[in-house]
Amino acid sequence: MAELPQKVLVARRIPEVGLDLLSGLDVEVLSEEDPPPRTALLRAVRGASGILTTLTERVDAEVLDAAGPSLEVVANMAVGYDNIDVAAAEKRGVIVTNTPGVLDETTADTAFMLMLAAARRLGEAERMVRAGRWRHWGPELLVGLDVWGKTLGIVGMGRIGQAVARRARGFGMSVLYTARSSKAEAERELGARRVHLEELLAESDFVSLHVPLTPQTHRLIGSKELRKMKSTSVLVNTARGPVVDEEALAEALAEGRIFAAGLDVYENEPGVHPKLLELENVVLAPHIGSASIETRNRMAEMAARNLLAVLRGEEPPNPVVTRR
Ligand code: DGY
-10 MAELPQKVLV ARRIPEVGLD LLSGLDVEVL SEEDPPPRTA LLRAVRGASG
40 ILTTLTERVD AEVLDAAGPS LEVVANMAVG YDNIDVAAAE KRGVIVTNTP
90 GVLDETTADT AFMLMLAAAR RLGEAERMVR AGRWRHWGPE LLVGLDVWGK
140 TLGIVGMGRI GQAVARRARG FGMSVLYTAR SSKAEAEREL GARRVHLEEL
190 LAESDFVSLH VPLTPQTHRL IGSKELRKMK STSVLVNTAR GPVVDEEALA
240 EALAEGRIFA AGLDVYENEP GVHPKLLELE NVVLAPHIGS ASIETRNRMA
290 EMAARNLLAV LRGEEPPNPV VTRR
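Residue numbers (the numbering used here): -10 to 313.
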């Protein structure tokens, strides 16, 4: 008797290119639009050999156990995997994969977009035009800060951080960075200089965050760190929301202790701290760092290939390495 195709649960609808790759399997796409309710996820995962998730699904011991012993792989369609309990997966012999590399340049574009928008007050300007409040050109109308020629501090000089540094070079910026190890190539080719976080915060005109969310980076930027920044500086976060203490950031922005912020990620997505929503000097994007058509296609394809490889008994191209 022919073997039945393995069951694969795709938590949310992903670009067609990814779904096409899975076509030989017994695929259920759990949700077309919104993140699936937890109860639906727990029910649908039963008996699955693979789950393709996004960052909105929390995959913990409960989900892994609900899937049962058939589960071989959790393929996350994201480079970040703080939504997955990797240790719990490892304990059950389940492989976790992610999508590194393919979204670096797109996310770096987003970080730069937010830097420019926050420095040049684009959010305020747009709101003014749309509300019909723009009356004439003004010598001091919506004057912001230059980006070119300034100092950019990159916190976390991995692939995305380095992609941001390459863009900064085109803007004639000096680059400081923090990282666990020094990046010889970035130092040689981009003139980047590795410093301690304190020095980076004190010296930079722009601070852009590119660290993964771990217990060590949780609220890395809080009230103490914000007080070290220049009053003319701009903070950009395209990493993970909980890397910044949002309450402390809202206070710093409201008191003018820093000039502006550009955020793509939040502590409690899709919730945004109510104080941030009231401020003019923060540009708020809804976690769209990697949201270009080309990149989302690449991410979907990569996640599907990782999942397929494991189900075929092969080494997946992008296994997650446990950070301990
Ligand atoms: C990721 O990949 O981790 C992003 O946050 C979503 O693209």
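Ideal Cβ positions, reconstructed from N, Cα and C, are used throughout, including at glycine.
In this text, all values refer to a predicted model and were calculated from it rather than measured experimentally.
Applying a distance threshold of 6 Å between residue Cβ atoms and the heavy atoms of the ligand DGY selects Leu44, Ala67, Val68, Gly69, Leu92, Gly278 and Ser279, given in chain order.
Secondary structure note for Glu17: its beta strand (DSSP E) is the uninterrupted segment Asp15 to Ser20.
The straight-line gap separating the alpha-carbon atoms of Ser220 and Glu244 is approximately 10 Å. Assignment of Gly260 by DSSP, reduced to helix, strand and coil, places it in the strand class.
Relative to Leu141, the option among Trp123, Phe101, Arg124 and Arg177 whose CA is nearest is Phe101. Here DSSP, grouped into helix, strand and coil, assigns Arg287 to helix. The beta carbon of Leu105 lies closer than 8 Å to those of Leu111 and Val136 in the same chain, with the five residues before and after it left out. Around the Cβ of Ile282, a 10 Å sphere holds fewer than 16 other Cβ atoms; the residue is exposed. DSSP places Arg1 inside the beta strand (DSSP E), whose first and last residues are Lys(-4) to Arg1. With contacts defined as CB atoms closer than 8 Å, Gly230 and Glu256 qualify as a contacting pair. At a cut-off of 4 residues, the continuous stretches assigned as alpha helix (DSSP H) that sit fully inside the stretch 27 to 89 are 27 to 33, 50 to 56 and 75 to 80. If you look at Phe101, you'll find it in the alpha helix (DSSP H) that goes Asp93 to Ala108. The Cβ atoms of Leu103 and Asp234 lie no closer than 8 Å to each other. Under the three-state reduction of DSSP output, Asn295 falls in the helix class.
Distance from the CA atom of Val48 to the CA atom of Asn72, rounded to whole angstroms, is 6 Å. Annotation for Ala50: Asp74 and Ala77 place their beta carbon closer than 7 Å to its own, counting only its chain and skipping 5 residues before and after.
Here Lys80 is exposed, its C-beta having fewer than 16 other C-beta atoms within 10 Å. Counting every other CB atom within 10 Å of its CB across the protein chains shown gives Glu267 a total below 16, marking it as exposed.
When rounded, the separation of the alpha-carbon atoms in Gly147 and His125 is 44 Å. Proximity of the stretch -3 to 8 to the stretch 288 to 295 meets the contact definition, three or more beta-carbon pairs being nearer than 8 Å.
Boundaries of the alpha helix (DSSP H) harbouring Ile149: Arg148 to Gly159, taken from the DSSP string.
Counted as a single uninterrupted DSSP element, the alpha helix (DSSP H) harbouring Ser212 occupies residues Ser212 to Lys217. Among the bridge pairs identified by DSSP, Val225 is matched with Ser197 and Gly251. Scanning its chain for C-beta atoms nearer than 7 Å, with the 5 sequence neighbours on each side dropped, one finds no residue around Asp54.
In summary, Gly121 is exposed, with fewer than 16 beta-carbon neighbours lying within 10 Å of its beta-carbon over all protein chains present. When rounded, the separation of the alpha-carbon atoms in Ala173 and Arg182 is 10 Å. Using a 10 angstroms sphere on the CB of Arg119, the tally of other CB atoms stays under 16, which defines it as exposed.
By alpha-carbon distance to Thr96, the top candidate from Thr86, Ala114 and Ala67 is Ala67.
Cβ-Cβ separation between Gly138 and Arg109: approximately 14 Å, too far for a contact (criterion under 8 Å). In the structure shown, the three-state DSSP call for Ile282 is helix. The beta carbon of Val83 lies closer than 7 Å to those of Leu53, Leu60, Glu61, Val62 and Val63 in the same chain, with the five residues before and after it left out.
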